[in-house]
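Notes follow the structure.
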Amino acid sequence: MILIAGAGIAGLAMAKALELKGQACEIVERASHLPTAGAGIFLLGNATRVLERLNLLEEVEAAAHPILKQRIFNDAGSLLNEVATESVWRGCGPCFALSRQNFVRILASSLMSTEIQHEKSILDVEPSGGFQRVTFSDGSCSHYTAVIGADGIRSSLRTSLFDPKPPYPLGITCWRFVTENNTGLDSWTAMVGRRRTLLAIPISKAHIYVYADCPSVDVQRPSLSFLKKHFVDFAAPLGQIVSKLDTPREVHSSVLEEIPIKAVGEGQYSPHRRRRPCELPEHGARGGNGLGRRFNIGGDNCEQQRHN
482 MILIAGAGIA
492 GLAMAKALEL
502 KGQACEIVER
512 ASHLPTAGAG
522 IFLLGNATRV
532 LERLNLLEEV
542 EAAAHPILKQ
552 RIFNDAGSLL
562 NEVATESVWR
572 GCGPCFALSR
582 QNFVRILASS
592 LMSTEIQHEK
602 SILDVEPSGG
612 FQRVTFSDGS
622 CSHYTAVIGA
632 DGIRSSLRTS
642 LFDPKPPYPL
652 GITCWRFVTE
662 NNTGLDSWTA
672 MVGRRRTLLA
682 IPISKAHIYV
692 YADCPSVDVQ
702 RPSLSFLKKH
712 FVDFAAPLGQ
722 IVSKLDTPRE
732 VHSSVLEEIP
742 IKAVGEGQYS
752 PHRRRRPCEL
762 PEHGARGGNG
772 LGRRFNIGGD
782 NCEQQRHN
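The sequence shown begins at 482 in the working numbering and counts up one residue at a time.
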């Protein structure tokens with residue numbers, strides 16, 4: 482039996498891959514429900530190639546919006562670069578965008594035998610007779626052939642095995658939300674200005690996922706009104722999207738953080754570095770790229786390479 486800590490995208494996808502290889506596994510998730518924070522996610526060709534090998538590509542494609550182009554503008558609206566995604570990812574996989582809630586739901590519902598235990602986390606792991614003895618937050622203990630950590634930037638597993646130092650802020654505050662696509666936006670679109678970035682990605686015909694960031698020292702209060710004021714001078718195609726945000730809505734705001742450890746092996750254990758939010762620092766691509774880098778399912782091995 483293999484234990485996976487975390488029922489996010491990485492943990493659920495790993496469980497699906499292990500099931501396809503005939504491996505039994507369990508998932509423990511410290512939250513009371515499946516994590517869906519992040520609003521939207523952009524899946525590049527390497528991510529959708531993995532989904533095809535997990536037998537999930539058709540279901541994800543039905544719930545997603547195809548991304549055929551990526552465009553970058555300056556804050557005045559002048560086009561800086563345009564890329565046809567097919568020219569980059571031909572022979573690998575198509576590019577899609579969809580809501581993170583739908584993506585997590587598809588991954589979770591695809592699991593046939595894996596049990597997800599909520600409100601439960603790992604306190605300690607130690608070798609025991611060729612197995613890993615795991616102590617949980619509810620006081621119980623069990624033995625596993627392997628333990629995979631995918632429980633986020635504040636991972637209890639990482640803290641117990643490696644450096645207990647907390648994540649440190651990178652000095653960038655970001656906002657993420659989903660809103661109506663009233664401008665007819667049909668492609669991945671980013672705008673870069675002085676110390677500011679805007680990104681919008683259609684996740685359906687009717688809705689777009691929006692991301693914005695700026696240095697934290699410039700942020701008085703990470704509210705919707707501050708966001709609108711701070712990006713008021715951005716031109717089309719994205720400026721009017723932010724300026725028309727007049728109705729109350731769920732806006733996620735946070736400071737990007739990083740784990741101060743090196744990606745090196747340490748005996749039986751290997752820590753990996755990551756940032757939060759996972760989909761943001763590379764203009765929204767990190768979430769999709771991460772899925773493609775996490776697994777090697779082409780041969781007989783299913784190897785976890787990167788945590789989310």
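Glycine included, every Cβ here is placed at the ideal spot set by N, Cα and C. All figures in this text were calculated on a predicted structure; none of them were measured in a lab.
**Q.** For T626, the nearest candidate out of L524, A488, Q504 (CA to CA)
**A.** The candidate whose alpha carbon is nearest that of T626 is Q504.
Q. Is C695 near R676, with beta carbons less than 8 Å apart?
A. Yes, Cβ-Cβ distance for C695 and R676 is below 8 Å.
**Q.** Touch test, the stretch 628 to 642 against the stretch 662 to 681, Cβ-Cβ under 8 Å, three pairs minimum
**A.** Between the stretch 628 to 642 and the stretch 662 to 681 there are fewer than three C-beta pairs closer than 8 Å, too few to call the two in contact.
(Q) If you follow the alpha helix (DSSP H) that R614 is in, where does it begin and where does it stop? (A) Note, R614: premise wrong, no alpha helix (DSSP H); beta strand (DSSP E) at 612 to 617.
Q) Going straight from the alpha carbon of L484 to that of G720, what length do you get? A) Cα to Cα, L484 sits roughly 46 Å from G720.
Q: Flag this pair as touching only if the stretch 601 to 616 and the stretch 697 to 717 have three or more C-beta atom pairs under 8 Å; answer yes or no.
A: The answer is no - the stretch 697 to 717 does not touch the stretch 601 to 616, with fewer than three Cβ pairs under 8 Å.
(Q) For A557 and L679, I'd like the C-alpha separation in whole angstroms. (A) Between A557 and L679, the C-alpha separation is close to 12 Å.
Q. Excluding sequence positions up to five away, which residues of its chain have a Cβ less than 6 Å from the Cβ of P575?
A. Within the same chain, T529 come within 6 Å of P575 by CB-CB distance, once the 5 residues on both sides are set aside.
Q. Comparing alpha-carbon positions, which option in R571, S697, K601 lies nearest C622?
A. Cα-wise, what sits closest to C622 is K601.
Q | With 16 other Cβ atoms within 10 Å as the buried cut-off, status of H546 | A | Looking at its Cβ environment, which holds 16 or more other Cβ atoms inside 10 Å, H546 is buried.
Q) Can the beta-carbon of A578 be found closer than 8 Å to that of I682? A) The criterion of a C-beta distance shorter than 8 Å is satisfied by A578 and I682.
**Q.** Local Cβ density within 10 Å of V628, reported as buried at 16 or more and exposed below that
**A.** Counting Cβ neighbours within 10 Å, V628 comes out buried, since at least 16 surround it.
Q. Below 8 Å between beta carbons: does that hold for I603 and T660?
A. One thing to note: I603 has its Cβ no nearer than 8 Å to the Cβ of T660.
Q: Counting only the same chain and skipping the five closest in sequence on each side, list residues whose C-beta sits under 7 Å from that of E500.
A: The residues are L592, M593, S594, T595.
Q. Going straight from the alpha carbon of V569 to that of P647, what length do you get?
A. If you take the alpha carbons of V569 and P647, they lie about 37 Å apart.
Q: With a 10 Å radius around its C-beta and 16 neighbouring C-beta atoms as the bar for buried, classify G580 as buried or exposed.
A: Looking at the sequence provided, one finds Ser at residue 580 rather than Gly. S580 comes out buried.
**Q.** For R677, the residue or residues it bridges with in DSSP
**A.** Looking at the DSSP assignment, R677 forms a beta bridge with G674.
Q: Compute the Euclidean distance between the alpha carbons of S513 and G492, then round it to the nearest angstrom.
A: Computed Cα separation, rounded: 16 Å.
**Q.** Beta-carbon contacts of R511 that lie in its chain and below 6 Å, excluding the five residues immediately before and after
**A.** Around R511, the same chain offers S602 as residues with beta carbons nearer than 6 Å, after the five sequence neighbours per side are excluded.
Q. Taking C-beta to C-beta, are L537 and I587 nearer than 8 Å?
A. The answer is yes: Cβ separation under 8 Å.
Q: Please classify H711: does DSSP put it in a helix, a strand, or coil?
A: Three-state DSSP puts H711 in a helix.
Q.
Rounding to the nearest angstrom, what Cα-Cα distance links E567 and L549 in this structure?
A. Their Cα atoms are separated by approximately 7 Å.
Q. Run through DSSP, which three-state label would D605 get?
A. Strand.
Q) Can you list, in chain order, the residues of its chain whose CB lies under 7 Å from that of L532, leaving out five sequence neighbours each side? A) The beta carbon of L532 sits closer than 7 Å to the beta carbons of L538, V541 from its chain, once the five residues preceding and following it are set aside; these are given in chain order.
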